[in-house]
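Read the structure below first, then the notes.
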């Protein structure tokens, strides 16, 4: 899926709008990403780039990876 955004928070909001069932799984009630859902901006965790306030520039790639656990 391709989406044009300026901030990872906009990406999360857009995905939540397109797929309402994902909204509560991507971020908490304050709009912050859950620790078990990893958002990467150009292969770097957005938590180390200012969180959802990290700017996304033309050509950047945002990847969303949910943690998987089991036993």
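Residue numbers (my numbering): 1320 to 1390. Even for Gly, the Cβ is constructed at its ideal location relative to N, Cα and C. Keep in mind the model is a prediction, meaning the values are calculated, not measured.
DSSP lists 1359 as the beta-bridge partner residues of residue 1382. Residue 1381 places its beta carbon less than 8 Å from that of residue 1358. Residue 1360 and residue 1368 do touch by the CB rule: their CB atoms are close to 6 Å apart, below 8 Å. Under the three-state reduction of DSSP output, residue 1333 falls in the helix class. From the listed residues 1363, 1364, 1333, the smallest Cα separation to residue 1350 is found for 1333.
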